[in-house]
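Sequences listed follow chains W and S, in order.
First residue of the first sequence? That's 156 in my numbering, and the numbers climb one at a time after it.
First residue of the second sequence? That's 156 in my numbering, and the numbers climb one at a time after it.
Inspection log for the structure reproduced underneath, given as structure tokens.
There are 2 protein chains.
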Amino acid sequence: MSTAEVLASVDIVALRMNDRSQLDILLIRRAQAPFAQQWALPGVLVNGLTADASLDAAATRALAVKARIKPRYMEQVATVGDAVRDPRGWSLSTFYLALVAPDTPLGDEDLSFVALNAVLDRRFALPFDHAQLVALACERLAAKSTYTSLPLYLISQRFTVTEALAAFQVCLGQAVQHTTLRGRLERMKQHGWIVETGEKNYPKMGRPQNVLEHRPQPSAAFVFDRSVLS
Amino acid sequence: MSTAEVLASVDIVALRMNDRSQLDILLIRRAQAPFAQQWALPGVLVNGLTADASLDAAATRALAVKARIKPRYMEQVATVGDAVRDPRGWSLSTFYLALVAPDTPLGDEDLSFVALNAVLDRRFALPFDHAQLVALACERLAAKSTYTSLPLYLISQRFTVTEALAAFQVCLGQAVQHTTLRGRLERMKQHGWIVETGEKNYPKMGRPQNVLEHRPQPSAAFVFDRSVLS
DNA sequence: ATAATAGTGTCTGTGAGACATTATGTA
DNA sequence: TACATAATGTCTCACAGACACTATTAT
């Protein structure tokens, strides 16, 4: 290794909500050493040869070329670096949190969505320090879910209050009063972030649900001025 | 440059409050090319040769070695990377926000505290994309100052409400009701983050001030459940 | 009718915001 | 005394939280 350079990668913690309202994480079977054939976070090396315009562009590229996925939301979480996380030597990883639509398909056998909880409690082991990165990304998601509309990126643009409630609860890891969520959705409606479609969804039983539409602004997520679960 | 590696550095945005209650930023006169002799953010290269235990350790080292400063608070802000920010090629910079005590001395002629506002509005130009990094770090500080006790790290451990008010206002960039701040300090007092010393400070005019003491916990900063300036 | 689920209304508590009032020092 | 500044008190408003109540469908 030359004197001034270091091994740097971008890794993605991409989350999706399954039909049981639980979070799954996107993993890829590594093609190359180290840890070939093992399931790991999708990622790419960044260096001058892979003409990425920026680090964010590299993150987008990682999801696009490895999994053909365009996330509905993506943000940089942090960068970790030390001498032991990669057997090849001192290395850096800048990792991102990505939220993808619930119906996102996977075209490849080397890609899979795995139960996030299995990764978090180490029943499903990951190479490198990827389990740690996943934990940090989830902490970020939980923290931001208390005062932003982030969980809405995990459900369809056209959604019901019940779906939104499930998304918030799985992000936060605890129950949320539906009246609290309705109040927040109402405030987003006043700011044009949510519109009432006028349509109804008819479940098997019970009163039909109003169908809302999420109109996310480029500024990422709606920010409330208080935290839920104070 | 070898194929898999990249130039990576850690840069520090270290802020101090001066006696006019304005923020200053620590700059260092670069000894080496590129941009030798110019004022820039203190930072170090990270790679396998400089046995840093971790990225955070490298950040601490950067302040310690370059400026002999131990910050009262430090957190990673983000990592930027692209092909043009450094003339030497594709490079990464992980940058940190550091808050240092108001009486921090500088022992070196190649170190200086410069008015933060001059850097932010480009009257004082910085090399690389350092001005952009400074702007991002300040945004982080302002955002966190609405719902945490971060500004307290800019004043002495033993402080008065007036000093705390000045710190919050300069971090937020706008006026804050002193009653609001008193309420928040009261809540911190109940959680053991602040204690009443019983002493008084006697200014030239007016009623004497109670002297409080900030007892920061290792968990970084006190988090309030609402934002100020809603 | 009954069950099931959606949506609304009511009441309480907390804390920010604005402003008035009192307290305690110096000149 | 007048003045300056600190500290406290009062009132309003917004919103989370808890829970009751009403509404609308299927069976």
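By construction, the Cβ of each residue, glycine as well, lies at the ideal position given by its N, Cα and C atoms.
Close Cβ partners of residue i (< 8 Å) along its chain, the five nearest in sequence each way excluded
i: residue 348/S; result: 304, 369, 370, 371, 372, 377
i: residue 343/S; result: 304, 349, 377
i: residue 243/W; result: 162, 189
i: residue 290/S; result: 275
i: residue 212/S; result: none
Which of helix, strand or coil DSSP assigns to residue i
i: residue 278/S; result: coil
i: residue 265/S; result: coil
i: residue 330/S; result: coil
i: residue 345/S; result: helix
i: residue 211/W; result: helix
i: residue 234/S; result: strand
i: residue 292/W; result: helix
i: residue 376/S; result: coil
i: residue 249/S; result: strand
i: residue 383/S; result: coil
i: residue 190/S; result: coil
i: residue 228/W; result: strand
i: residue 317/S; result: helix
i: residue 359/W; result: coil
i: residue 196/W; result: coil
i: residue 365/S; result: strand
i: residue 161/S; result: strand
i: residue 216/W; result: helix
i: residue 352/S; result: strand
i: residue 389/W; result: Given a span of 156 to 385 for chain W in the structure shown, any question on residue 389/W remains unanswerable.
i: residue 337/W; result: helix
i: residue 322/S; result: helix
i: residue 256/S; result: coil
Buried versus exposed call for residue i [16 or more other C-beta atoms within 10 Å across all chains shown]
i: residue 248/W; result: buried
i: residue 346/S; result: exposed
i: residue 227/W; result: buried
i: residue 360/W; result: exposed
i: residue 333/S; result: exposed
i: residue 230/S; result: buried
i: residue 220/W; result: exposed
i: residue 288/W; result: buried
i: residue 318/S; result: buried
i: residue 130/W; result: Any answer about residue 130/W is impossible in this case: the structure gives chain W only from 156 up to 385.
i: residue 160/W; result: buried
i: residue 207/S; result: buried
i: residue 157/W; result: Note on residue 157/W: pLDDT 48, under 50, position unreliable in the model; the coordinate value appears next. Looking at its Cβ environment, which holds fewer than 16 other Cβ atoms inside 10 Å, residue 157/W is exposed.
i: residue 302/W; result: buried
i: residue 240/S; result: buried
i: residue 322/S; result: buried
i: residue 273/S; result: exposed
i: residue 233/S; result: buried
i: residue 217/S; result: buried
i: residue 363/W; result: exposed
i: residue 262/S; result: exposed
i: residue 260/W; result: exposed
i: residue 280/S; result: exposed
Assumed close pair residue i, residue j - CB separation to whole angstroms, cut-off 8 Å
i: residue 200/S; j: residue 163/S; result: 7 Å
i: residue 196/W; j: residue 166/W; result: 4 Å
i: residue 168/W; j: residue 183/W; result: Between residue 183/W and residue 168/W the Cβ distance is about 12 Å, and since that is not below 8 Å, they are no contact.
i: residue 170/S; j: residue 271/S; result: 7 Å
i: residue 327/W; j: residue 297/W; result: 6 Å
i: residue 338/S; j: residue 238/W; result: Residue 338/S to residue 238/W, Cβ: 47 Å. No contact.
i: residue 222/W; j: residue 311/W; result: Not a contact, Cβ separation roughly 20 Å.
i: residue 174/S; j: residue 381/W; result: With 8 Å as the limit, residue 174/S and residue 381/W do not qualify as a contact, their Cβ atoms being about 36 Å apart.
i: residue 325/S; j: residue 176/S; result: 6 Å
Close beta carbons around residue i, own chain, < 6 Å, minus the five adjacent residues each side
i: residue 316/W; result: none
i: residue 313/S; result: 366, 368
i: residue 308/S; result: 227, 228, 254
i: residue 236/S; result: 247
i: residue 285/S; result: 195, 196
Own chain, CB closer than 7 Å to residue i, minus 5 neighbours either side, in chain order
i: residue 214/W; result: 165, 167, 229, 251
i: residue 185/S; result: 191, 192, 193, 195
i: residue 320/S; result: 331, 333, 336
i: residue 295/W; result: 232, 252
Closer than 7 Å: residue i CB and nearest the ligand MG heavy atom
i: residue 305/W; result: No copy of the ligand MG occurs in the structure displayed, which carries no ligand at all.
message = Tell me which residues of the region 231-252 of chain S have at least one Cβ-Cβ distance to chain W shorter than 7 Å, keeping chain order.
response = The region 231-252 of chain S vs chain W, Cβ under 7 Å: 231, 233, 234, 235, 236, 237, 238, 244, 245, 247, 249.
ask   = Which residues, in order along the region 266-277 of chain W, keep a beta-carbon less than 7 Å from a beta-carbon of chain S?
value = So the list is empty, because no residue satisfies the distance condition.
request  = Give, in chain order, every residue of the region 200-222 of chain W whose Cβ lies closer than 7 Å to some Cβ of chain S.
outcome  = If the cut-off is 7 Å between Cβ atoms, the region 200-222 of chain W has 200, 201, 202, 203, 204, 208, 209, 210 near chain S.
key: Within 9 Å of chain S by C-beta, residues of the region 368-382 of chain W in sequence order   = Residues 378, 379, 380, 381, 382.
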